[in-house]
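Structure, as structure tokens:
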Amino acid sequence: MTSALANYATEAGQNNKDFIISNQAIYPSIQTQPRRSVAPSSTLFPPQAWSSPASTIHHAPDLGVWGIPPAPAPTPCLYGGGGYFSRGKTLPSETCKQMVKSAAMIRQSSLTKLGVMLNTAVNSKRYSNGGDTQWCFSQVKGTLDDDVTEGKSQFSPQPVKSDIISCVEFNHDGDLLATGDKGGRVVIFQRDPISKNCIPRRGEYNVYSTFQSHEPEFDYLKSLEIEEKINKIRWLKRKNQAHFLLSTNDKTIKLWKVSERDKRVEGYNTKEENGQMRDPLAVTSLRVPIIKPMELMVEASPRRIFANAHTYHINSISVNSDQETYLSADDLRINLWHLEITDQSFNIVDIKPTNMEELTEVITAAEFHPVECNLFVYSSSKGTIRLCDMRSAALCDRHSKLFEEPEDPTNRSFFSEIISSISDVKLSNSGRYMISRDYLSVKVWDLHMETKPIESYPVHEYLRSKLCSLYENDCIFDKFECCWNGNDSAIMTGSYNNFFRMFDRTTRRDVTLEASREIAKPKTVLKPRKVCTGGKRKKDEISVDCLDFNKKILHTAWHPTENIIAVAATNNLFIFQDKF
């Protein structure tokens with residue numbers, strides 16, 4: 070019995086040591102420090118047993134775990150009494166049993182704590198190779214054989230295609246991904262539950278529903294053709310089994326209900342087979358209908374249509390945090406809607422001058438605060454962002470805060486006003502920060518500091534020398550979007566040549582990746598791309614003169630809780646995930 074206890078104590082200590090050492094490879098911050106001279110409980114460890122040589126203890130400051138190295142195997146007593154030697158003194162058998170039991174409990178506690186912390190790190194994706202997340206290909210939606218471009222240019226005379234993706238949006242839990250295109254269609258992808266629950270998790274999405282959201286229209290009063298192109302899609306938070314989303318083109322906003330149906334009602338004896346009602350005199354009895362199962366069918370039906378409220382083209386819609394109201398913005402006005410009222414809206418911002426010749430700026434984007442339902446921001450073509458509080462006045466012509474970066478006189482040029490125009494603004498999930506995207510950079514703003522951005526990231530500064538040619542082919546007016554990751558620690562935005570940029574706010578590192586048919590292979594790791602501006606070009610670099618300005622990534626989306634991203638490259642939707 071005593072021999073078994075001795076072997077168990079030795080094995081427990083050795084296993085604990087191996088576990089701690091193995092975790093040093095995962096957590097480099099684990100260091101070896103001298104053990105503190107704190108006496109243990111005298112009940113389990115008598116004073117005569119505490120005298121021991123200097124030993125070490127493994128400290129993991131990030132984990133808050135103390136891993137205890139193994140104690141030397143106890144020496145069996147050479148004379149009677151059933152005890153053990155400890156520095157020449159004999160310990161009773163009962164004390165030894167308590168010591169072994171205590172060591173086992175400490176070992177189990179250490180293993181449990183380390184396991185919990187390891188799982189937390191895995192789930193939150195906090196560790197990666199060298200501090201950088203490696204992205205790999207997951208899926209691509211669309212045909213890779215056909216090269217579809219945004220429109221006519223001096224490089225490619227191809228006409229505009231109706232299947233070019235015009236917006237991308239995850240819902241609040243990331244299980245659904247919606248895209249809109251220039252043909253007025255909305256395609257919803259649903260995450261595969263098997264890929265979601267497997268280890269490691271995979272981001273695989275399959276087509277869930279497809280429907281025609283908008284049709285081309287013609288305004289006979291103004292002789293104006295209204296495109297069917299979907300400008301924005303915004304999800305509402307789910308409250309029941311159905312999903313609700315808002316979609317808009319240039320003039321009309323629609324609220325869609327997407328629901329599943331796997332049962333049907335049969336057994337009516339008041340209707341003919343063709344569906345017509347039978348003669349009441351011919352019905353001599355009533356039969357209770359029965360519910361029968363059927364093949365799962367996903368239906369999309371318009372529940373509300375919000376029209377005739379915007380004179381100019383709608384560029385933004387944003388759902389309020391109260392989930393009862395939303396705003397819609399066009400070039401000169403912002404309207405506030407209630408989701409249940411379609412024939413009335415409140416104009417909360419109006420920057421239209423009395424004389425249109427005095428017009429100096431237009432609204433480019435607007436968004437509600439994610440937490441405070443009374444706050445919203447909107448950006449302008451002059452590079453300014455205004456924060457408004459609806460509690461201050463019914464018409465928010467006077468902003469509460471104005472965010473504007475002073476212009477650098479050294480960079481002043483003919484194109485300064487054009488490239489300073491903000492194409493997108495997004496508030497962080499916490500509501501403390503916001504990002505703005507202009508033509509050449511992404512800026513991070515603190516809502517508590519209006520004078521200048523706290524962070525600025527150049528997206529494609531190498532194009533500054535190409536602004537003349539970009540102006541001639543109208544690419545300088547492209548509207549690039551930007552997005553946050555789930556914990557506001559990273560930013561993503563698009564560029565030309567099917568490049569997209571990612572910025573890590575914690576490490577201040579950035580990477581350029583490409584969405585192309587060459588990487589459309591399962592689990593292919595994306596290699597960083599570099600653009601050469603002059604001199605000798607390395608093998609893995611591409612010259613700035615070789616960039617294809619017709620291949621552009623304007624729309625991107627990031628999963629709200631995981632490292633899964635969706636990138637719209639003209640008519641293809643690429644889905645990437647981190648390599649774990």
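Read left to right, the sequence shown gives residues 70 to 649 (the working numbering).
Even for Gly, the Cβ is constructed at its ideal location relative to N, Cα and C.
Own chain residues within Cβ distance below 7 angstroms of residue i, not counting five before or after
i	result
methionine 363	Asp331, Lys332, Arg333
asparagine 641	Val209, Lys210, Gly211, Leu213
isoleucine 374	Thr321, Lys323, Thr411
glutamate 341	Arg347
alanine 589	Phe206, Val209, Leu213
alanine 584	Asn567, Phe569, Ile622, Val636, Ala638, Phe643
aspartate 250	Ser231, Asp232, Ile233, Ile234, Ser235, Ile299
serine 469	Leu456, Cys457, Asp458, Ser461
asparagine 632	Lys194, Thr202, Gln646, Asp647
Residue i vs residue j beta-carbon contact at 8 angstroms
i	j	result
arginine 574	alanine 559	yes
isoleucine 410	isoleucine 432	no
serine 525	lysine 512	yes
valine 664	valine 367	The structure shown does not extend to residue 664, since the chain is modelled only from 70 to 649, so the question has no answer here.
serine 414	glycine 452	no
glutamate 486	proline 522	no
proline 629	histidine 283	no
phenylalanine 484	leucine 536	yes
leucine 595	leucine 616	no
alanine 247	isoleucine 302	yes
arginine 506	phenylalanine 549	yes
alanine 369	tryptophan 406	no
proline 358	glycine 344	no
serine 387	leucine 401	no
serine 461	glutamate 430	no
Assigned secondary structure, residue i (DSSP; H/G/I helix, E/B strand, else coil)
i	result
threonine 639	coil
tyrosine 395	strand
tyrosine 381	coil
serine 534	helix
serine 525	strand
valine 134	With a pLDDT of only 35 at valine 134, under 50, the local geometry of the prediction cannot be trusted, and no value is derived from it.
threonine 202	coil
asparagine 275	strand
leucine 315	strand
alanine 463	coil
tyrosine 540	helix
proline 629	coil
arginine 481	coil
asparagine 416	strand
arginine 606	coil
cysteine 615	helix
lysine 340	strand
proline 362	strand
alanine 427	According to the sequence provided, residue 427 is glutamate. The question's alanine does not apply to it. Residue state, collapsed to three classes: helix.
glutamate 660	Given that the chain is displayed from residue 70 to residue 649, the structure contains no residue 660 and the question cannot be resolved.
alanine 351	helix
isoleucine 263	helix
glutamate 335	strand
isoleucine 644	strand
isoleucine 545	helix
arginine 586	helix
glutamate 486	helix
Neighbourhood of residue i by C-beta, 6 angstroms cutoff - its chain only, sequence neighbours within 5 removed
i	result
alanine 434	Ser385, Ser448, Asp493, Val494
proline 422	Leu428
glutamate 54	Residue 54 lies beyond the range of the chain shown here (70 to 649); nothing can be said about it.
glycine 563	Phe549, Phe569, Ile622, Leu623, Thr625
lysine 607	none
Supposed contact pair residue j and residue i - C-beta distance, whole angstroms, cut 8 angstroms
i	j	result
asparagine 338	serine 235	Actually they do not touch by this definition, with Cβ atoms about 50 angstroms apart.
glutamate 519	leucine 471	6 angstroms
proline 597	valine 613	No, proline 597 and valine 613 are not in contact; Cβ-Cβ is about 16 angstroms, not under 8 angstroms.
histidine 529	tyrosine 565	7 angstroms
aspartate 458	leucine 444	6 angstroms
threonine 602	tyrosine 531	5 angstroms
isoleucine 454	isoleucine 491	7 angstroms
Neighbourhood of residue i by C-beta distance below 8 angstroms, restricted to the same chain and skipping five residues each side
i	result
leucine 245	Phe239, Ile257, Phe258, Gln259, Arg260, Tyr277, Trp304, His312
isoleucine 634	Trp204, Met561, Thr625, Ala626, Trp627, His628, Ile644, Phe645, Gln646
alanine 73	Because alanine 73 sits at a pLDDT of 47, beneath the cut-off of 50, its placement in the model cannot be relied upon, and the following sentence gives the value as read from the coordinates. Cβ within range, chain order: n/a, list empty.
threonine 279	Arg254, Val255, Val256, Ile257
aspartate 399	His379, Thr380, Tyr381, His382, Ile383, Asn384, Ile432
serine 390	Phe437, His438, Pro439, Val440, Glu441, Cys442
heavy atom of the ligand ADP below 7 angstroms from residue i C-beta
i	result
aspartate 419	Absent from the structure shown: the ligand ADP. Ligands present: none.
Contact with chain C by residue i, beta-carbon distance below 8 angstroms
i	result
arginine 501	Going by chain labels, chain C is absent from the structure shown, which holds only one protein chain.
Query raised in the report: For the segment 313-322 against the segment 369-388, are there 3 or more C-beta pairs whose distance is under 8 angstroms?
Result: yes
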